[in-house]
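Below: one structure, written as structure tokens.
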Amino acid sequence: MNFDETLESNFNTNASIALVRAGSEDLLDLVRESALEHGIKWHLFDDERVLTEAFSRMEFNYSKYGVTIHHCTDDAACAAEAGRLISAGKANVLMKGLISTGVILKAVLNKELKLLDRELLSHVALFSLPNYHKPVIISDAAMNIDPDAETKIKIIENTITVAGRLGIKKPKIALVSAVEKVNEKIASTVTNDTIVKAHNFKNAVIDGPMQYDLAMSKSAARIKGYDSAVAGDADILIMPHIDAGNILYKALITTAGAHVAGVIAGLKVPFVLTSRADSKEEKYNSIKLAIKMMEHNQEDV
């Protein structure tokens, strides 16, 4: 399936999204559009007067289409109330609006809410690339700074879970480094080699260290004489650290014409964490990805 088919196949219209700090025109337009087109239910946490006035200007009868406004004027209070709503099972997707990541994470990681599903949260991005034959997952471009082997294994497990919910049952995973041979001076090559040799992922084919071009181009692998089942056919790219992941993420979007959807994995509900610079399309794609992730499959890893 291509990128759009992957996100929209068997689309679950029972989604209920808790959006924290919704008071921007592009976010409210997204709420309106998704409610009208897909019947998505929304819980908006923000100043009620600001939101109702905005919807009035848009001529959108929000309550008729399953949009509920929860009045709050303080970031921490909005985040805490959204966390409680999700913990009570009244929403099944969390979304960050105009609020700092730290504030919303502090709220949802409150141990009393019991929202943590895995030992680690990680950012997982699904890309459509103009010159690649299928969607590809890239992680981690936003959460984990310089993962050691243990942390990277947890990042891999999160990506396998996401891939499984997208219908990719045995993903091919490339552990990306600057070179494909172990070099003691390049830490990621040592880490990646250790993971491949020491850890068995029963529902994935994994290889590395591997250069980006080897993971994404059969021609490059053939020319360089690199023999791997993953080479040129990777479903998942695990980046060495946040610098490489974030630079690749933004380069693909900004200069390569890529389309992207991104979520935070590791909570009991999908968490849409978008950037202020993300387009409306990118935010909508991320919502669709989160909805695809809603149903748990405990056999993923």
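Per this note's numbering: the sequence shown ends with 578, consecutive numbering throughout. Here a beta-carbon is modelled for each residue, glycine too, at the ideal position from N, C-alpha and C.
Looking at C-alpha atoms only, which residue of the options is the closest neighbour of residue i?
i      : options                           : result
Lys391 : Met570, Gly360, Val467 and Ala426 : Gly360
Ser377 : Ala299, Glu559 and Ile363         : Ala299
Gly374 : Trp319, His410, Ile437 and Met278 : Trp319
Ala418 : Gly539, Glu285 and Asn387         : Gly539
Tyr339 : Glu325, Thr350 and Cys349         : Glu325
Ile524 : Asn289, Ile422, Glu336 and Thr468 : Ile422
Asn435 : Leu393, Thr466 and Ile381         : Leu393
Asn562 : Met372, Ala353, Asn387 and Leu321 : Met372
Phe322 : Lys565, Lys495, Ala533 and Asp352 : Asp352
Phe337 : Glu310, His315 and Glu358         : Glu310
Please report the distance separating the alpha-carbon of residue i from that of residue j.
i      : j      : result
Arg334 : Met571 : 33 Å
Ile430 : Ile472 : 7 Å
Lys462 : Val385 : 39 Å
Ala440 : Lys446 : 7 Å
Gln575 : Leu398 : For Gln575, the predicted model reports a pLDDT of 38, less than 50, meaning its position is unreliable; a value from the coordinates is still stated below. Each residue's Cα considered, the two are about 17 Å apart.
Val451 : Asp490 : Just to set this straight, residue 451 is Ala in the shown sequence, not Val. About 11 Å.
Pro517 : Leu443 : 24 Å
Lys560 : Ala511 : 25 Å
Thr531 : Ala554 : 11 Å
Val327 : Ile363 : 23 Å
Thr345 : Asn279 : 34 Å
Ser286 : Lys569 : 9 Å
Thr283 : Lys367 : 26 Å
Asn408 : Asp281 : 16 Å
Leu313 : Ala365 : 26 Å
Glu330 : Lys557 : 21 Å
Asn291 : Ala464 : 45 Å
Gly509 : Ile437 : 19 Å
Gly485 : Ala533 : 25 Å
Lys341 : Asn289 : 20 Å
His347 : Lys383 : 19 Å
Give a yes or no on whether the C-beta atoms belonging to residue i and residue j are separated by under 9 Å.
i      : j      : result
Ala535 : Leu406 : yes
Ala521 : Arg395 : no
Ala592 : Ile294 : Because the chain here runs from 278 to 578, residue 592 falls outside it and cannot be looked at.
Phe478 : Ile433 : yes
Gly297 : Ala356 : First, the amino acid is wrong: residue 297 is Val here, not Gly. Taking 9 Å as the Cβ cut-off, Val297 and Ala356 qualify as a contacting pair.
Val537 : Ala492 : no
Ile381 : Gly343 : no
Ile564 : Val370 : yes
Pro424 : Thr466 : no
Pro448 : Ala475 : no
Pick helix, strand or coil for residue i, following the three-state DSSP scheme.
i      : result
Leu443 : coil
Met372 : strand
Met278 : coil
Lys318 : strand
Leu307 : helix
Ile541 : strand
Phe332 : helix
Asp520 : helix
Met487 : strand
Thr428 : helix
Thr350 : coil
Ser364 : helix
Ile422 : coil
Leu403 : strand
Val453 : strand
Leu525 : helix
Glu559 : helix
Please confirm whether residue i has its beta-carbon closer than 9 Å to some beta-carbon of chain B.
i      : result
Asp555 : Looking at the structure shown, chain B is missing, and only one protein chain is on hand.
The stretch 545–554 touching the stretch 405–416, judged by at least three CB pairs closer than 8 Å: no
The stretch 450–468 contacting the stretch 504–516, beta-carbon criterion three pairs below 8 Å: yes
The stretch 298–315 in contact with the stretch 421–436 per 3-pair CB rule at 8 Å: no
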